[in-house]
Each structure stands twice: as structure tokens, then as C-alpha cells.
Amino acid sequence: MRENRLYANINKCIFGAEEIPFLGCFLGKDGVRADPEKVCAIAQWPVPVSQKDLRKWLGLANYLHKYSANYAEMARPLTNLLKKDAVWSWTSEAQQAFEAIKSSLQSAPILALPDEERPFSVVCDASDFAIGCALLQVDAEGRERVVSFQSRQLKAAEKNYPVHDKELLAMKYALVKFRVHLLGQKPFVIYTDHASLRTATSSPHLSQRMARWPSFFAEYNFTMEYKPGKQNVLADALSRRPYYELAHLAYLESPLYELIRE
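Counted from 1, the sequence shown has number 253 at position 253 by the UniProt record's numbering; the numbering is strictly sequential.
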């Protein structure tokens with residue numbers, strides 16, 4: 001540091017720590033976890049009494065959405081209350097969504113730190129109202145771990161897509177979200193529980209809507225693998241089962257699939 005004339009404020013330095021705070025999270029040897037203070041603030045937030053109050057809470061919860069599978073689907077009853085012409089009415093469905101998000105973030109897994117020297121894999125899925133995906137990587141101990149969750153609600157027009165197009169949209173969304181880790185890197189695998197997607201990117205029978213997407217997919221070096229729903233519990237959790245207990249998804253070892261599903 002002296003040679004390069006770099007200076008540090010001793011009061012802002014941390015030495016010999018097992019983990020350090022960084023941009024709203026904690027980084028450690030096991031990975032990255034959500035800031036407990038932010039999670040606590042979300043968990044202790046009282047029931048919103050107005051759109052303004054709900055918007056504040058969702059703003060805080062949205063910041064931690066990468067720790068929660070299926071966040072977008074869980075939040076749907078709440079975001080519906082923020083629409084322009086929505087009448088404020090805190091229903092049992094809204095309360096259930098409010099508690100589900102709190103529970104999901106309180107039990108959020110420790111996410112793995114990405115290692116660019118190891119291959120990645122992607123899981124994606126779609127439902128009638130949302131699409132979701134997860135970036136996975138096998139660590140040095142052979143455990144398949146989650147690096148990040150991403151999800152969003154479908155737009156009004158997208159809700160009318162056929163199932164095949166929704167699944168393809170989820171795959172495109174995953175590649176966009178994880179582009180920095182996947183583009184130009186080692187070959188990777190995309191797992192899907194929709195069998196027809198294995199040939200979707202090269203099919204001459206794509207819908208007019210999807211016909212422009214093959215050039216986008218061609219930028220990435222990946223293969224598609226079909227994993228039936230019984231074996232693909234993570235994909236199912238990403239968009240279909242908003243009230244699953246997701247703490248177990250930190251490590252995705254094969255024997256856990258049926259256990260979590262049950």
C-alpha cells in the first residue's frame with residue numbers, strides 16, 4: 001500500500017473477521033447472507049394500513065429478493081394493491097402473502113459466492129402469474145448450491161402466452177439476469193421440467209412472438225436437460241408454490257428432493 005500510495009482509514013478497517021458487512025449483506029467463507037438487521041426490520045414491520053405504507057415495506061423486501069425463491073409470486077397479492085385503480089382492502093390473501101415473504105426471508109439460505117473457475121447451471125420455471133430462475137454451482141465439497149434467485153411477475157400480455165412460450169420466456173429471463181456469469185464462460189446446463197424446451201431454441205416451429213429469440217440464445221454456450229417435476233423441486237418452488245419452507249434449498253443434494261417436496 002505504501003509503494004502504491006494507497007491509504008486506509010483505520011476506523012473503517014476490519015481485520016481477522018470470519019465475515020464482513022458489504023452493501024447490505026454479510027460476506028464470509030460460507031457465502032453471502034442477508035443483513036440480519038434488514039431481515040429483522042422486515043419481520044417486525046406492522047401490517048400496512050395504506051398503499052404508501054405497503055410501498056415502503058415492499059421497497060425494503062425487494063432489496064433482499066435474491067435470497068427468496070418465488071418472491072415475485074408471493075408478492076403478487078401485495079403488488080396488486082399498489083395498482084393505479086386498486087381499492088385498498090387488506091384481505092386474508094394479502095396477509096398470507098405478507099407473512100409468507102417475512103418467513104421466506106427469515107429462513108433465507110446462505111448463498112454461495114460465484115466461482116468463475118467452476119461451471120454453473122440454471123433452473124427456470126413459469127406459472128400462470130410469474131417466472132423464476134436460480135443460478136446454481138457445485139462447490140469444492142460437491143454440494144450443489146444456490147448463487148442467486150430471481151423472479152418477476154408476468155405482464156398482462158405475457159399471462160396469455162401458451163405454456164411453452166412462458167417456459168421459454170423464463171429461460172430468456174434467466175440468461176439476462178445471470179448474463180455476467182454465463183456469457184462467454186464455460187459451457188453450462190439449463191434444467192427444465194418442460195420436455196419440449198430441449199429443442200425449442202433450434203425448432204423451426206417457434207411462434208411468431210418467439211422467432212427472434214434464437215439469435216439471443218445463440219450467444220450462450222449451454223445445453224438443455226429435462227428434469228421431471230418430481231426431481232426438479234427447485235424449479236417448482238421458483239414459481240408455483242409460494243408458501244414452501246425454503247431454508248433447505250441452500251444445499252440441493254439429491255436425497256433432499258422428495259423430502260422437500262413432501
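Backbone N, C-alpha and C define an ideal beta-carbon position, used for all residues, glycine too.
Open item on the list: I need the DSSP call for F130, collapsed to helix, strand or coil.
Closed with: Rather than Phe, the amino acid found at residue 130 in this sequence is Ala. Here A130 sits in strand by DSSP.
Task: Nearest to P36 (by Cα), restricted to the options N9, Q185, P48 and I20 - done: Nearest Cα to P36 within the set N9, Q185, P48 and I20: I20.
- [ ] Go through its chain and collect everything with a Cβ distance to H194's Cβ below 6 angstroms, but skip five positions before and after it.
- [x] Counting only residues of its own chain and dropping the five nearest sequence neighbours on each side, H194 has a CB closer than 6 angstroms to the CB of E167.
Task: Short Cβ contact (8 angstroms threshold) for Q51 with L78 - done: No, they are not a contact pair.
Open item on the list: Alpha carbons only, please: which of A41, I110 and A157 is nearest the one belonging to W57?
Closed with: Considering only alpha carbons, the answer is A41.
Open item on the list: Assuming F222 and I190 are in contact, meaning their beta carbons sit under 8 angstroms apart, how far apart are those beta carbons, in whole angstroms?
Closed with: Here F222 really is in contact with I190; their C-beta atoms are around 5 angstroms apart, less than 8 angstroms.
Task: Residues near E225 by beta carbon distance below 8 angstroms, same chain, minus five either side - done: By the criterion of a C-beta distance shorter than 8 angstroms, E225 is surrounded in its chain by V189, I190, Y191, T192 and R198, once the five residues flanking it on both sides are discounted.
Open item on the list: Given a cut-off of 8 angstroms on the beta-carbon distance, is the pair L111 and Y67 in contact?
Closed with: Yes, Cβ-Cβ distance for L111 and Y67 is below 8 angstroms.
TODO: Whole angstroms is fine: what's the gap from R209's alpha carbon to H164's?
DONE: The alpha-carbon separation between R209 and H164 amounts to approximately 12 angstroms.
Open item on the list: Which complete beta strand (DSSP E) runs does the region 65-100 hold, if anything under 3 residues is left out?
Closed with: Runs of the beta strand (DSSP E) spanning 3 or more residues and lying entirely within the region 65-100 do not occur at all.
Task: Enclosing beta strand (DSSP E) for S148 [first to last residue] - done: Annotation for S148: the continuous beta strand (DSSP E) segment containing it runs E144 to Q153.
Task: Residue range of the alpha helix (DSSP H) that includes L60 - done: Counted as a single uninterrupted DSSP element, the alpha helix (DSSP H) harbouring L60 occupies residues Q51 to N62.
Task: Contact the region 68-77 vs the region 94-110: 3+ CB pairs below 8 angstroms - done: Output reads yes: the region 94-110 touches the region 68-77.
- [ ] To the nearest angstrom, report how far apart P114 and A108 are at their CA atoms.
- [x] Whole-angstrom Cα-Cα distance: 17 angstroms.
Open item on the list: So, with DSSP's three-state summary, where would you put Y173?
Closed with: The answer is helix: DSSP assigns Y173 an H, G or I state.
Task: Any 3 or more C-beta pairs closer than 8 angstroms across the region 125-142 and the region 91-98 - done: With the cut-off at 8 angstroms, the region 125-142 and the region 91-98 do not touch.
Task: From L105, I131, Q106 and A140, residue whose alpha carbon lies closest to that of P119 - done: Comparing C-alpha distances from P119 to each of L105, I131, Q106 and A140 shows the shortest one belongs to A140.
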